[in-house]
Amino acid sequence: MVVGGDAGGMAAAAAARRQDPDLDIVALERGRWTSYSACGIPYLIGGEVHRLEDLVVRKPQDLRASLGIDVRMRCEAVAIDLDGKVEVRNHEQGRTFQLGFDLLHLGTGARPKRPPLPGIDLPFVGGIQTLEDAAQLLRHLSSPPAWAPAGIRRVVVVGAGYIGLEMAEAFVRRGVGVTVVTDTAEVMPSLDPDIGAHVTRAMRGLGITVRCGSKVTGFEPGSVQTADGDLPADLVILGLGVAPNAQLAEEAGLQLGAAGAIRVDRRQRTSAESVFAAGDCCTSRHLISGREVHVALGTVANKQARVAGANLGGGCATFAGVLGTAITKVCDLEVARTGLNETEAEEAGFPAVAATIESSTTAGYLEAMAGSIRVKVVAERGTGRLLGGQIVGRGPGAAKRIDVVVTALTAGMSCAEVAELDLAYAPPFSPLWDPVAIAARKAAALAAA
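In my numbering, the protein residues as written are 28 to 476.
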């Protein structure tokens, strides 16, 4: 049995089916959609994606027909008995019943963080995590809600992570006034502040009001209360990150790990022999620090789910781990990071150095094509081992250079080795020395000093 119809669940169900064509698979999904791209929601709100259905990868009827998976919509698992039973609530029929299982897979995802602030439950305050959330938001934008009869004209985004920034840009594209409030020194706290500052400036250049170092204290109809004064708002989007949706597992007695996520081994098996988990609800192992972490990303969810599904089907597969690689853009500014930033390296016990360089995405004489790029590399002092990287840049492909850093990290390379990589060169694509190589060479020198 599979609980959860998105990436962490359905990808496991599909992998299990490929491993064992005769397996009896039942999948429960409490919502109205399966196998959709939550990462595409900001682009739906911004208008680049025209229909909500375009974000759906596989519909329930397709999963039934092509893979023989018994997908049961609007059915929520409300309790687990590890002896082999799940209590299920059918929301369409209004009844509760039990289903048995030999093997259970949990792909229950994550939920937006909602701090216990006054007014947090007001109807104009909400997170964006599921297609249900997106559908409701589209209704608010197309048909003015009761609390904003003149329409949604002012939006406050609380928090400045990836989703918060992407939603801010989406509203700007719709002509809505946007304010982003974060208690961090700069936006995107997964970046070091010196790199995050470039993103903050880009957002302000887009017409977004950004208030860094400002703490939200509560909400009242039509306003967001902060330590620095109230902000008018017709709508509030919570972009404070997510927490693993692990309550069901915890109540069943499964062991939890980092950030309260379900603890799994490399095969995605939980503390119970017959129960597996994948995606935003469970833990991962960081490839650099070696620590147990919680990383809520679609790429990780799909990879973990494929591993879990192979094992559910009788195979033997393992999940290597994560680097926390992520990429996004704000207008024409591309942003990416991987591995450890300076703060994370220090917390993990690495004596670290960092090198930052500014360069161009093309040969300098191709002025019409060139975009600026800033690359930061974190390395271990003494050994020169590469620990992480961050990139902000303009121009197509600027941030995708992070994949070179990802590959080098996975291979355990030193910065000196990265600097000597035989990277592709032609004037339209890179300077003679690629920016990643330049930053690595500088970091190698600092590490050896």
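Glycine residues also receive a C-beta, built at the ideal position from the N, C-alpha and C atoms.
Note that this is a predicted model, so its numbers are computed, not measured.
- Query: Whole beta strand (DSSP E) runs in the stretch 85-158 with 3 or more residues, listed along the chain?
  - Reply: 97-100, 102-108, 112-117, 122-127, 131-133, 137-139, 152-154
Worksheet entry | Same chain, Cβ closer than 6 Å to G329, neighbours up to 5 away in sequence not counted | Checking the displayed sequence, the identity of residue 329 turns out to be Asn instead of Gly. Taken in chain order, the residues that qualify are A34, A38.
Among the residues of its own chain, which have a CB less than 8 Å from the CB of L450, if the five just before and after it don't count? V431, S457, D461, V463, A464
- Message: I'd like the span of the alpha helix (DSSP H) that includes E1, first residue to last.
- Response: Only positions 28 to 476 of the chain appear in the structure, and residue 1 is not among them; the question remains open.
Starting from I429, trace the alpha helix (DSSP H) in both directions and tell me its first and last residue. 429-437
Backbone secondary structure at Y63 - three-state DSSP:
strand
| field | Among R138, A353, A382, E300, the one whose alpha carbon lies nearest that of D129 | value | E300
Please go through the same chain and pick out, in chain order, the residues whose beta-carbon is closer than 6 Å to the beta-carbon of A106, but skip the five residues on each side of it. E114
* Asked: Out of curiosity, what's the CA-to-CA distance linking L233 and A195?
  -> 10 Å
Q.
Can you list, in chain order, the residues of its chain with a C-beta nearer than 8 Å to that of L79? Leave out the 5 residues immediately preceding and following it.
A. L71, L158, A161, A162, L165
Ordered list of alpha helix (DSSP H) runs contained in the stretch 304-391, each at least 4 residues:
325-339, 369-374
To which residues of the same chain is Q156 closer than 6 Å at the C-beta, ignoring the five residues directly before and after it? P139
Would you kindly work out how many angstroms separate the C-alpha atoms of V226 and G420, rounded to a whole number? 10 Å
What residues are listed by DSSP as bridge partners for I264? G153, V184
Which residues DSSP lists as bridging F246, in chain order: V251
- Task: May I ask you to list the residues that DSSP assigns as paired with P259?
- Result: S250
key: Own chain partners of I354 with C-beta closer than 6 Å, once the 5 adjacent residues on each side are dropped   = A363, A426
- request: Have a look at D81 and L393 and give me their C-alpha separation to the nearest angstrom.
  value: 38 Å
message: Please report the distance separating the alpha-carbon of G134 from that of G336.
response: 11 Å
- Query: If you follow the alpha helix (DSSP H) that I222 is part of, which residue opens it and which one closes it?
  - Reply: 220-232
Next item on the list: Apply the 10 Å Cβ neighbour rule to E371 and answer buried if 16 or more other Cβ atoms are within range, or exposed otherwise.
Entry: buried
| query | Skipping 5 residues on each side, what residues in its chain have a beta carbon closer than 8 Å to that of P216? | reply | A187, G188, T209, G223
Using DSSP with H/G/I as helix, E/B as strand and the rest coil, what is I179?
coil
- Query: Cβ atoms of I264 and T365: under 8 Å apart, would you say?
  - Reply: no
How about the stretch 238-250 and the stretch 200-214: do they share at least three Cβ pairs that are nearer than 8 Å? yes
Original post:
Which partner residues does P172 have in the DSSP bridge list?
Top reply: Looking at the DSSP assignment, P172 forms no beta bridge with any residue, so it has no partner.
Q: Starting from the C-beta of E277, find all residues in its chain whose C-beta is less than 7 Å away, skip the five residues before and the five after it, and write them out in chain order.
A: L283
**Prompt:** Sorted by chain position, which residues of the same chain lie with C-beta nearer than 6 Å to V53's C-beta, five sequence neighbours on each side aside?
**Reply:** M28, D97
So which of G74, L109, K112, E56 has the shortest CA-CA distance to P87?
E56
If I follow the unbroken beta strand (DSSP E) through A270, where does it start and stop? 269-271
**Request:** May I ask you to list the residues that DSSP assigns as paired with Q417?
**Result:** R364, K403
- prompt: What's the C-alpha gap between V152 and V183?
  reply: 9 Å
Worksheet item: Exposed or buried, what is D219 when buried is set at 16 or more other beta-carbons lying within 10 Å of its beta-carbon?
Response: buried
Exercise for the section: Label D307 either buried or exposed according to how many other C-beta atoms from any shown protein chain fall within 10 Å of its C-beta, with 16 as the threshold for buried. Expected result: buried
Notebook entry, point to check: In terms of alpha-carbon separation, which member of G36, R231, E407, V269 lies closest to H321?
Noted result: V269
Checklist entry - Buried or exposed: where does E193 fall if 16 or more other Cβ atoms within 10 Å of its Cβ makes it buried? => result buried
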